[in-house]
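First to last, the protein sequences are chains X and G. Residue numbering for the first sequence is 13 to 22, as defined by my numbering. Residue numbering for the second sequence is 425 to 639, as defined by my numbering. Each residue gets a CB set at the ideal place from its N, CA and C atoms; glycine is no exception. Structure record follows, encoded as structure tokens.
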Amino acid sequence: KEEAEEKDEL
Amino acid sequence: MNIFRLAGDMTHLLSIIVLLLKMNATRSCRGVSLKTQELYAVVFVCRYLDLFTNFISLYNTVMKLIFLASTFTIIYWMRFHKVIRVTYDREQDTFRYQFLVLPCLVLAMVLNSEFTVMEVLWTFSIYLEAVAILPQLVLLQRTNNIDNLTGNYVFLLGSYRALYILNWIYRFMTEPNYRQYLVWISGIVQTIVYIDFFYYYIKSWRNNEKLSLPA
């Protein structure tokens, strides 16, 4: 989950 | 998603729309660097590989697809459009890809948070984005009369980066475990790259003069 949050930027 | 992040994304989107409209309306890509556009295409392809592995949100997916499609459209027009490709400043757009791509690739192999193909390519895209505007800035410097739309395109791109920094500050203050040092440092470098351009852009705007960058 943390990993996904980190990469939510474009 | 905070207001700075949304404003940043919208500014980024607007910059690309400005470029597409300009090229479509004037049938010309004078002053536009194909090298920068192709570097952005590499950036987007490497970064958005997670389209296949990880769903974040509809917004996220749609924006990624728009960035990919619009960048490839610009490249296609500059390379193959009957009328537009003739106006490309091939002799002036001489920045060498390898000067940017190779150091970023090496740096991404050394400095990353996990040594996997996906992670290294993602990190590579972060580093490459920071410097991908350089061929465009060099080309602008060589163009005597920078037309408004090309100047606006670069100004909007720089604004998008500045808004992303505000977004990170906001996230850092509101999200307890939010840290991404590699992204922050690359983003700050990327924004610094624009400072010189911003100075001349604002100066020309205040003096009501056409934008030109000193060599």
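Chain-order list of chain X residues neighbouring phenylalanine 476(G): empty, with the shortest C-beta distance near 13 Å, by a criterion of under 9 Å. In the structure shown, the three-state DSSP call for alanine 532(G) is helix.
Per DSSP, threonine 540(G) is not a residue of any alpha helix (DSSP H), being assigned neither H nor E. Close CB contacts of phenylalanine 479(G) within its chain, under the 8 Å cut and outside five residues either way in sequence, are with Thr485 (chain order). For alanine 493(G), the enclosing alpha helix (DSSP H) covers residues 482-504.
The C-alpha of asparagine 536(G) is placed about 31 Å away from the C-alpha of phenylalanine 622(G). Here the alpha carbons of threonine 497(G) and lysine 19(X) stand approximately 25 Å from one another. A direct Cα-Cα distance of roughly 30 Å separates cysteine 528(G) from isoleucine 427(G).
Here serine 457(G) carries a coil assignment [DSSP, helix/strand/coil]. Straight-line spacing of the CA atoms in cysteine 453(G) and valine 534(G) works out to 37 Å. Closest by C-alpha distance to valine 467(G), out of Leu430(G), Lys627(G) and Phe491(G), is Phe491(G). With 16 or more other Cβ atoms inside 10 Å of its own Cβ, proline 559(G) counts as buried. Taking the Cα positions, glutamine 565(G) is about 7 Å away from serine 636(G). When rounded, the separation of the alpha-carbon atoms in tyrosine 594(G) and arginine 603(G) is 12 Å. In the DSSP assignment, lysine 446(G) falls within the alpha helix (DSSP H) that extends over 427-450. By the criterion of a C-beta distance shorter than 7 Å, tyrosine 577(G) is surrounded in its chain by Ser439, Val442 and Leu443, once the five residues flanking it on both sides are discounted.
At a cut-off of 7 Å between beta carbons, methionine 487(G) contacts chain X. Taking the Cα positions, aspartate 433(G) is about 8 Å away from leucine 22(X).
Interface flag for aspartate 620(G) against chain X is unset, since no Cβ pair is found closer than 7 Å. Beta-carbon to beta-carbon, aspartate 513(G) and lysine 459(G) are separated by about 11 Å, too far to satisfy the 8 Å threshold. In the structure shown, valine 562(G) adopts helical secondary structure according to DSSP, grouped into three states. A straight-line Cα-Cα distance of about 19 Å links phenylalanine 548(G) and isoleucine 616(G).
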